[in-house]
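Residue numbering for the sequence shown follows the working numbering, starting at 4 and increasing by one per position. Virtual Cβ for every residue (Gly too), placed ideally from N, Cα, C. Keep in mind that this is a model prediction, so the values were computed, not measured.
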Amino acid sequence: MPLNIGVSGSIMPFAKYNAKADKWFVRGDDGDEEIARPTFLADLANIATGWLRFREGEAPERAIDPSLDRAAPGPGEGFKRGFVLAVFSENFFGGLVELSSASIHMGNAVREVYQIFEDQRGSHPGQVPVIACTGSEPMKDKYGTNYRPKLELLKWVDRPADLPDASPVDPNDVWQGGGTAPAKTTAIHVPPPAPQHVPPNQPAADPMMTAEF
């Protein structure tokens with residue numbers, strides 16, 4: 004099924020993609036730290052979609068869909084369709100982190116790689132896909148020029164113990180029906196272990212190497 008994006012109580016540290024600047028970041032001890040285009044494991048089997056609202060200096064607010072084929076009602080002004088996804092990379096993220104976004108361009112990129120995941124997942128039981136950001140393309144919209152990351156599914160690997168087979172969102176953030184969708188979260192993000200950063204002006208490691216993530 005297609006993801007309903009593009010057109011919490013989680014305490015997981017996070018990584019993010021800035022579509023305006025075409026840059027990736029991970030939360031470090033001193034705030035957001037820029038990293039190179041990453042290669043990572045993506046738990047697409049447990050991706051969550053819903054309504055997200057990001058405000059500077061505040062924890063993100065979210066109203067998560069009960070399922071991928073049932074959208075929660077819009078909670079109000081400022082909320083946009085987006086996703087929450089658990090991703091893992093020791094090299095780029097320092098371990099397990101949450102990747103979420105309400106950017107339409109990021110959402111479309113994730114929706115397309117998710118369709119490839121859906122087409123292939125039946126042949127890879129117990130495995131998770133290795134995803135690489137291989138570049139980006141400029142997208143002009145009413146906000147000027149933003150960027151859409153190019154995400155490529157490189158291969159499949161066995162699910163590691165560090166990437167649990169579980170939802171990335173808190174159950175309290177999931178809309179249960181009846182009235183307006185929840186518009187608050189108690190999410191508190193904590194810093195991940197110090198990642199081994201690749202300088203942003205250098206290319207990512209060879210994606211076919213066994214230790215690429």
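Boundaries of the alpha helix (DSSP H) around F120: 107-123. With the rule of 3 Cβ pairs closer than 8 Å, the segment 20-36 does not count as touching the segment 60-68. One alpha carbon belongs to V90, the other to P132, and they sit about 10 Å apart. Beyond the five residues adjoining it in sequence on each side, V100 comes within less than 7 Å, by CB distance, of M15, P16, F17, A18, V29, V90, P195 in the same chain, given in chain order. Taking the CA atoms as reference points, E215 sits about 19 Å from L47.
In the three-state DSSP reduction, A48 falls in the helix class (H, G or I). Three or more beta-carbon pairs separated by less than 8 Å are not found between the segment 136-143 and the segment 117-126, which leaves the two stretches without contact. P69 places its beta carbon less than 9 Å from that of V177.
Put simply, of L157, F86, L156, R114 the residue whose alpha carbon is nearest the alpha carbon of L102 is F86. The beta-bridge partner set that DSSP reports for D161 consists of Q130. Within the model, the alpha-carbon separation for R73 versus F82 is close to 17 Å.
From the listed residues G147, K153, R124, E155, the smallest Cα separation to R162 is found for R124. In this structure, E37 keeps its C-beta atom at 9 Å or more from the C-beta atom of K23. One Cα belongs to V160, the other to D168, and the distance between them is close to 14 Å.
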